[in-house]
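Each residue of the sequence shown is one higher than the one before, counting from 323 in the numbering used here. Positions of the beta carbon are idealized from the N, C-alpha and C atoms, including for glycine. Computed from a prediction, not measured in an experiment: that's the story for all the values here. Following: one structure in structure tokens, then a few remarks.
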Amino acid sequence: MSTDTATSFSPRDAEIEQLRREVELLRAQRDQLLAQQQSSARTIEGLQHQLQQLLRRLYGRSAERVDPQQMALFEKLLAQLAPPTPEPAPVSSVSHATPASHGHGRRKLPRELPRTKIIHDLPEDEKPCPGCGTMRHVIGQEVSEQLDYVPAKLTVIEHVRLKYVCKACEQSTAAGGPQIAVAEKPLMPIEKGLAAPGLLAHLIVSKYGDHQPLYRLERILARHDIEIARSTMGDWMAQSAEALRPLYTLMVQEVRASRVIHTDDTPVDVLDRSLPRTTKTGRFWVYLGDMDHPQVVFTYTPSRSRDGPMSFLKEWGQDRRVYLQADAFGGYDGIYAGDAGGQVTEVACWAHARRKFYDARSSDSATSTEALARIRLLYDVEDQAKGLPAPERQRLRQERAAPLLAEFKLWLESRQVAKGGLVLPKSPMGQALAYALNQWDALCVYTSDGDLAIDNNASENALRRVAVGRKNWLFCGSDTGGHTAAILFSLIATCQRHGVNEVEYLRDVLERIASTPISKLAELLPGCWMPAPTGTSGSPR
323 MSTDTATSFS
333 PRDAEIEQLR
343 REVELLRAQR
353 DQLLAQQQSS
363 ARTIEGLQHQ
373 LQQLLRRLYG
383 RSAERVDPQQ
393 MALFEKLLAQ
403 LAPPTPEPAP
413 VSSVSHATPA
423 SHGHGRRKLP
433 RELPRTKIIH
443 DLPEDEKPCP
453 GCGTMRHVIG
463 QEVSEQLDYV
473 PAKLTVIEHV
483 RLKYVCKACE
493 QSTAAGGPQI
503 AVAEKPLMPI
513 EKGLAAPGLL
523 AHLIVSKYGD
533 HQPLYRLERI
543 LARHDIEIAR
553 STMGDWMAQS
563 AEALRPLYTL
573 MVQEVRASRV
583 IHTDDTPVDV
593 LDRSLPRTTK
603 TGRFWVYLGD
613 MDHPQVVFTY
623 TPSRSRDGPM
633 SFLKEWGQDR
643 RVYLQADAFG
653 GYDGIYAGDA
663 GGQVTEVACW
673 AHARRKFYDA
683 RSSDSATSTE
693 ALARIRLLYD
703 VEDQAKGLPA
713 PERQRLRQER
723 AAPLLAEFKL
733 WLESRQVAKG
743 GLVLPKSPMG
753 QALAYALNQW
763 DALCVYTSDG
773 DLAIDNNASE
783 NALRRVAVGR
793 KNWLFCGSDT
803 GGHTAAILFS
813 LIATCQRHGV
823 NEVEYLRDVL
833 ERIASTPISK
843 LAELLPGCWM
853 PAPTGTSGSP
863 R
């Protein structure tokens, strides 16, 4: 009986076993499809993120603005996190006269501008008094000003060297013939060159300050019936940079004497006819000295290897602790590790960290907005610290920013999957979290010293002139051209840092540098420069 029962159930058991295997296979296929779907979703999210980034770079605004309505959702959180502000001083009950309110009005024109007076007089038939017929007298005047533009003009400087001869010796042969002397001509930045210092200064600032390409300057000069090839102007730039190199070397030494340096880099296309595509990617690096050494130095390297900053910062900080504020480029790691021979502390940039969260807003809007809100609190502290002495700024940061940073780090960690959060590591938001946490110690260094900045925007702003110029002149003609540009960028940027007129500065310095002894070279740095008195240089003013 039992044998018959077992035999009768065996086909059913086989069918059940078959169904069980099919179910397991379907589950495996389901899991595989789910994994593929999740992978595809992450890929799509990443591609959408890249597309939005590209569209923003091409057509979007450069300012990283956040929707105020989104930020309003976190006002309660911001109020809880923000440290209490000191209560305002009590208002005195003594009444004070309210000062008269002055309208902004039109700004007065600079008094040093040349002025042309145009006198507007009454017609002769209106000068007699209509009441009695007696001639009226002038009792005053009303003056109004307009700003006019006189097109630039080219002038020719004739260097006339007077020759002297001794009449007494003119007919004598005993003294070796007539004694003739010729007046010396001042040393020129380009010996026997056509371009005077004023024209050189104009061309340099037009290209490296106003971003004009040489072909456009060639056309502008042609309007004045002057034909100068752009290749000739390029040679003038190189010769001017070489004449100014001693000043550039002094500026490099000044920056390397700083306790704090800001640095960043940007790419530039460089012609290289040995390559199939004729161009390669070079790099401009900028180094900003601290307030005691306020120079702006650019350097050029043919690539983005670590050799650029390693060479510039070699042995910097050898005898003391110094600070380098930069982005997270791996080429700086050796400098922080002491490979360059110095004690260099990394200071990271909160603007870079903020940009990561801003760029990830399409993948996780809520997390992005809250992160941006927390970063805004850090910048609010910086607004309060503006204008304070360095020790007071450090104290304020320790009291207000340090607690915000500690809370922010806990919040960042809680969003990661490893800590129970929902942000996937490879998503744009996951990468933003990882960037901030990997850089955390360096991001917090600024609170330990009042001379440090919360971000590296100063060097990014200095590089903007390269970025704008690159859209106009497109490329450097060679590696040598890159080094020329670095010298001229440095002088123009440092002039702008000190509020010095770049054209007047370069004109004066190009006239004087060849005859200035090395011991007085520092007097020609933009921060120390005083124009030469009129009539002491070779060119008329």
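Please name the residue in TYR486, VAL472 and LEU774 whose C-alpha comes closest to that of ILE583. Start at 1 with the first residue of the sequence shown, and residue 583 comes out as number 261. Each of TYR486, VAL472 and LEU774 was checked against the Cα of ILE583, and the nearest Cα belongs to LEU774.
For the beta strand (DSSP E) containing ARG605, list its first residue and its last residue. Taking the first residue of the sequence shown as 1, we reach residue 605 at position 283. ARG605: member of the beta strand (DSSP E) spanning 601 to 610, first to last residue.
Rounded straight-line distance, which links the Cα of LEU785 to that of ASN779: For this step, residue 779 is matched to residue 457 along the sequence shown. For this step, residue 785 is matched to residue 463 along the sequence shown. Taking the CA atoms as reference points, ASN779 sits about 10 Å from LEU785.
I believe ASP660 touches PRO631 by the beta-carbon criterion, under 8 Å. Please report the beta-carbon distance rounded to the nearest angstrom. On the sequence shown, position 338 is the one that residue 660 refers to. On the sequence shown, position 309 is the one that residue 631 refers to. First, the amino acid is wrong: residue 660 is Gly here, not Asp. The distance from the Cβ of GLY660 to that of PRO631 is about 14 Å, inconsistent with a contact at the 8 Å cut-off.
Are the CB atoms of GLN647 and CYS671 within a distance shorter than 8 Å? Taking the first residue of the sequence shown as position 1, residue 671 is located at position 349. Taking the first residue of the sequence shown as position 1, residue 647 is located at position 325. Yes, the Cβ-Cβ distance between CYS671 and GLN647 is below 8 Å.
Exposed or buried, GLN761, counting other C-beta atoms within 10 Å across all chains shown (16 or more means buried)? By one-based count along the sequence shown, residue 761 stands at place 439. Answer is buried; the Cβ neighbour count reaches 16.
Measure the Cβ-Cβ separation of MET559 and THR816 and say whether it is below 8 Å. Numbered from 1 along the sequence shown, position 237 holds the residue referred to as residue 559. Numbered from 1 along the sequence shown, position 494 holds the residue referred to as residue 816. For the 8 Å CB-CB criterion, MET559 and THR816 do not form a contact.
For the region 788 to 796 and the region 474 to 492, state whether three or more C-beta atom pairs, one from each stretch, are separated by less than 8 Å. Put simply, the region 788 to 796 does not touch the region 474 to 492. Fewer than three CB pairs are less than 8 Å apart.
Going by Cα to Cα distance, which pick from SER562, SER690, VAL487 and ILE526 is closest to GLU513? For the purposes of this step, residue 513 is taken as the residue at position 191 of the sequence shown. With distances taken between Cα atoms, GLU513 lies closest to SER562.
LEU846: buried (16+ other C-beta within 10 angstroms of its C-beta) or exposed? The residue you call residue 846 lines up with position 524 of the sequence shown. So LEU846 counts as buried.
Integer-rounded CB distance, given that ASP614 should sit under 8 Å from PHE797: Taking the sequence shown and counting its residues from 1, one reaches residue 797 at position 475. Taking the sequence shown and counting its residues from 1, one reaches residue 614 at position 292. With 8 Å as the limit, PHE797 and ASP614 do not qualify as a contact, their Cβ atoms being about 37 Å apart.
Return the chain-ordered list of same chain residues with a C-beta closer than 7 Å to the C-beta of GLY663, the five sequence neighbours on each side being excluded. Here the question's residue 663 lines up with position 341 in the sequence shown. Contacts found: LYS636, GLU637 and GLN640.
If you drop the 5 nearest sequence neighbours on each side, which residues of the same chain put their C-beta closer than 7 Å to that of ILE550? The residue you call residue 550 lines up with position 228 of the sequence shown. Hits under 7 Å: GLU540 and LEU543.
Taking the straight line between their C-alpha atoms, what separation do you get for PRO508 and LEU569? Mapped onto the sequence shown, residue 508 falls at position 186. Mapped onto the sequence shown, residue 569 falls at position 247. Looking at the two C-alpha atoms, the distance is approximately 20 Å.
Straight-line Cα distance separating ALA517 from ARG434: Locating residue 434 in the sequence shown gives position 112, where the first residue counts as 1. Locating residue 517 in the sequence shown gives position 195, where the first residue counts as 1. Per the sequence shown, the amino acid found at residue 434 is Glu instead of Arg. Taking the straight line joining both Cα atoms gives about 27 Å.
Buried versus exposed call for THR477 [16 or more other C-beta atoms within 10 Å across all chains shown]: Residue 477 sits at position 155 when you count from the first residue of the sequence shown. By the Cβ neighbour-count rule, THR477 is exposed, with fewer than 16 other Cβ atoms within 10 Å of its own.
Rounded C-alpha distance that separates GLU506 from VAL822: Numbered from 1 along the sequence shown, position 184 holds the residue referred to as residue 506. Numbered from 1 along the sequence shown, position 500 holds the residue referred to as residue 822. Note on geometry: alpha-carbon atoms of GLU506 and VAL822 lie some 31 Å from one another.
Report the rounded CA-to-CA distance for LYS602 versus HIS805, giving the unit in angstroms. Sequence index remark: in the sequence shown, residue 602 carries index 280 (1-based). Sequence index remark: in the sequence shown, residue 805 carries index 483 (1-based). If you take the alpha carbons of LYS602 and HIS805, they lie about 15 Å apart.
Along the chain, which unbroken stretches of the alpha helix (DSSP H) at least 4 residues long are found entirely within the region 530 to 602? As far as the region 530 to 602 is concerned, its whole alpha helix (DSSP H) runs of at least 4 residues are 536 to 544 and 552 to 578.
How far does the beta strand (DSSP E) with ALA503 in it reach, from first residue to last? For this step, residue 503 is matched to residue 181 along the sequence shown. It spans 502 to 504 - the beta strand (DSSP E) in which ALA503 sits, taken as one unbroken run.
The ligand ATP and CYS817: does the residue's C-beta get closer than 7 Å to at least one heavy atom of that ligand? Summarising the ligand content, the structure contains no ligands, and the ligand ATP is consequently not present.
Less than 7 Å between C-beta atoms, sequence neighbours within five positions excluded: which residues of the same chain meet that for THR365? Start at 1 with the first residue of the sequence shown, and residue 365 comes out as number 43. Cβ within range, chain order: n/a, list empty.
Looking at the structure shown, is LEU700 part of a helix, part of a strand, or coil, going by DSSP? One-based indexing of the sequence shown puts residue 700 at position 378. DSSP places LEU700 in helix when its eight states are reduced to three.
I'd like to confirm the pairing. Which residues does DSSP put opposite CYS798 in its beta bridges? For the purposes of this step, residue 798 is taken as the residue at position 476 of the sequence shown. Looking at the DSSP assignment, CYS798 forms a beta bridge with VAL592.
Taking the continuous alpha helix (DSSP H) assigned at ARG643, which residues delimit it? Locating residue 643 in the sequence shown gives position 321, where the first residue counts as 1. According to the DSSP assignment, ARG643 belongs to no alpha helix (DSSP H) but to the beta strand (DSSP E) extending over 643 to 647.
Would you tell me roughly how many angstroms separate the C-alpha atoms of TYR768 and ALA474, rounded to the nearest one? Walking along the sequence shown from the start, residue 768 turns up at place 446. Walking along the sequence shown from the start, residue 474 turns up at place 152. Taking the CA atoms as reference points, TYR768 sits about 48 Å from ALA474.
Looking at TYR701: is its Cβ nearer than 8 Å to the Cβ of ILE776? The count along the sequence shown starts at 1 and reaches residue 701 at position 379. The count along the sequence shown starts at 1 and reaches residue 776 at position 454. Yes, the pair counts as a contact, with Cβ atoms nearer than the cut-off.
Distance between beta carbons of ALA693 and TYR757, contact taken as under 8 Å: Taking the sequence shown and counting its residues from 1, one reaches residue 757 at position 435. Taking the sequence shown and counting its residues from 1, one reaches residue 693 at position 371. ALA693 and TYR757 do not touch by the CB rule: their CB atoms are close to 11 Å apart, not below 8 Å.
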